[in-house]
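Engineer:
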Amino acid sequence: MAVSTVPTLQLEREIAARGYDVIVGFDEVGRGSLAGPVMVGAAAIRTADLDGPDALDVPEGVADSKMLTEHRRETIFESLKSWSASWAVGASSNAEIDEWGISYALGVAALRALDEVERELGIADDGRPIRVGAILDGPNDYITKALGTFDAPDVPVPATVTTKVKGDRYCATVATAAVIAKVTRDRYMDDMDALYPQYGFARHKGYGTAAHYAALREYGPSPIHR
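Okay, so the sequence shown: first residue is 307 according to our numbering, each after it adds one.
1) Less than 6 Å between C-beta atoms, sequence neighbours within five positions excluded: which residues of the same chain meet that for residue 402?
2) Which two residues bound the contiguous beta strand (DSSP E) that contains residue 399?
3) With distances taken between CB atoms, is the gap from residue 330 to residue 440 smaller than 8 Å?
4) Taking residue 347 as the reference, which of 357, 358, 335 has the closest Cα?
5) According to DSSP, simplified to helix, strand and coil, what is residue 306?
6) Using the three-state DSSP reduction, which class does residue 357 fall into: helix, strand or coil?
7) With a cut-off of 8 Å on the beta carbons, I'd call residue 462 and residue 425 a contact; round off their distance for me.
8) Jot down the residue ranges of each uninterrupted alpha helix (DSSP H) in the stretch 495-520, minimum 4 residues, whole runs only, in chain order.
9) Going by the beta-carbon positions, is the gap between residue 478 and residue 368 smaller than 8 Å?
10) Is the stretch 471-485 touching the stretch 349-363 in the sense that three or more CB pairs, one from each, lie closer than 8 Å?
11) Let me know the secondary structure DSSP gives residue 383 once reduced to three states.
12) Return the chain-ordered ranges of every beta strand (DSSP E) run that is complete within the stretch 428-487 and spans a minimum of 3 residues.
13) Measure the C-alpha to C-alpha separation of residue 523 and residue 509 and round it to an integer number of angstroms.
14) How far does the beta strand (DSSP E) with residue 321 in it reach, from first residue to last?
15) Would you grab the beta carbon distance between residue 467 and residue 447 for me? Rounded to a whole angstrom, and I think it's under 8 Å.
16) So the beta strand (DSSP E) residue 334 belongs to, where does it begin and stop?
17) Along the beta strand (DSSP E) that carries residue 347, what are the first and last residues, could you check?
18) Taking buried to mean at least 16 other C-beta atoms within 10 Å of its own C-beta, is residue 413 buried or exposed?
19) Taking only three categories from DSSP, how would you classify residue 390?
20) How many Å lie between residue 328 and residue 387 at the Cα?
21) So is residue 529 buried or exposed if we call it buried at 16+ other beta carbons inside 10 Å?
22) Can you tell me whether residue 353 is buried or exposed? The criterion is at least 16 other CB atoms within 10 Å of its CB, across all chains shown.
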């Protein structure tokens with residue numbers, strides 16, 4: 307039986323000690339789906355909020371998003387958004403995934419989220435010494451690879467990325483981003499279920515279940531299939 311791990315702010319504090327002003331946790335959802343967009347959640351904190359009598363603590367109830375039920379994710383969704391200094395979910399559509407490949411699509415989605423987060427925080431590349439650090443779930447830094455490319459947004463301040471395998475288990479910002487991204491994408495796929503009810507998107511969220519494959523054989527792909 308899997309045991310849920312409670313994330314900490316240990317890695318966030320280590321990055322803060324290197325002189326960063328903002329830390330953004332990133333996690334993806336929808337990579338292995340047969341339909342719908344891939345989404346990357348971003349949850350930002352200010353490193354100044356990690357110290358002092360009112361220092362930021364790990365948000366209540368957050369854990370590896372895969373260990374949480376759908377109901378539990380929905381229950382803590384609003385509190386996780388409030389815990390973050392800024393948050394966003396970036397997406398790449400099924401058409402963009404088909405055109406670019408999944409890795410680049412993830413990078414662009416992450417940069418779309420980072421751009422929104424930084425602008426909401428009022429960060430601008432105007433000569434002020436603002437340093438942004440990032441923690442990305444998994445072993446591969448697809449964010450830096452997409453930076454400065456034609457399809458990616460020009461983020462105000464590029465982030466220095468630290469990758470962390472199972473980051474959604476161990477890092478509070480990544481766990482927060484994971485839940486925000488998961489809830490956002492699940493809600494989107496519920497909306498798509500209303501448009502294309504024959505595929506059962508509300509049940510499997512676009513992943514390759516037996517029922518989904520059977521629907522594809524019977525009806526062919528929908529406009530949101532990859």
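Cβ atoms here follow ideal geometry from the backbone N, Cα and C, with glycine treated the same way. Keep in mind that this is a model prediction, so the values were computed, not measured.
Structural biologist: In brief:
1) Counting from one through the sequence shown, the residue named residue 402 turns up at place 96. Excluding positions up to five away in sequence, the list reads 411.
2) Numbered from its first residue, the sequence shown carries residue 399 at position 93. No residue range can be given for residue 399, since it is assigned to no beta strand (DSSP E) and is classified by DSSP as neither H nor E.
3) Here residue 330 refers to the residue found at position 24 when the sequence shown is read from its first residue. Here residue 440 refers to the residue found at position 134 when the sequence shown is read from its first residue. Closer than 8 Å, so yes.
4) As a first step, residue 347 must be located in the sequence shown, where it is residue number 41. Checking every option, the nearest Cα to that of residue 347 belongs to 335.
5) This structure leaves residue 306 out entirely; the chain is present only between 307 and 532.
6) Mapped onto the sequence shown, residue 357 falls at position 51. Coil, per DSSP.
7) By one-based count along the sequence shown, residue 462 stands at place 156. By one-based count along the sequence shown, residue 425 stands at place 119. Going by Cβ atoms, the distance from residue 462 to residue 425 rounds to 7 Å, so yes, they are a contact pair.
8) Listed in chain order, they are 507-510.
9) Within the sequence shown, the letter at position 172 stands for residue 478. Within the sequence shown, the letter at position 62 stands for residue 368. Their beta carbons are under 8 Å apart, which means residue 478 touches residue 368 by this criterion.
10) Touching, yes.
11) As a working mapping, residue 383 is identified with position 77 in the sequence shown. Of the three classes helix, strand and coil, the one that applies to residue 383 here is helix, per DSSP.
12) 438-443, 466-470
13) Position 217 of the sequence shown holds residue 523. Position 203 of the sequence shown holds residue 509. C-alpha separation (whole angstroms): 18 Å.
14) The count along the sequence shown starts at 1 and reaches residue 321 at position 15. Counting along the chain, residue 321 falls outside any beta strand (DSSP E), though it belongs to the alpha helix (DSSP H) covering 316-322.
15) Your numbering for residue 467 matches position 161 in the sequence shown. Your numbering for residue 447 matches position 141 in the sequence shown. The pair is a contact, with the Cβ atoms about 5 Å apart (cut-off 8 Å).
16) As a working mapping, residue 334 is identified with position 28 in the sequence shown. It spans 328-335 - the beta strand (DSSP E) in which residue 334 sits, taken as one unbroken run.
17) Within the sequence shown, residue 347 is the residue found at index 41, counting from 1. Counting along the chain, the beta strand (DSSP E) containing residue 347 begins and ends at 344-352.
18) One-based indexing of the sequence shown puts residue 413 at position 107. Buried, because 16 or more other Cβ atoms sit within 10 Å of the Cβ of residue 413.
19) What you label residue 390 is simply residue 84 of the sequence shown in a count that begins at 1. Three-state result, residue 390: coil.
20) Taking the first residue of the sequence shown as position 1, residue 328 is located at position 22. Taking the first residue of the sequence shown as position 1, residue 387 is located at position 81. Approximately 16 Å between the Cα atoms of the pair.
21) Reading the sequence shown from its first residue, position 223 is the one you call residue 529. Exposed, by the Cβ-count rule.
22) Looking up residue 353 in the sequence shown gives position 47. Burial call: buried.
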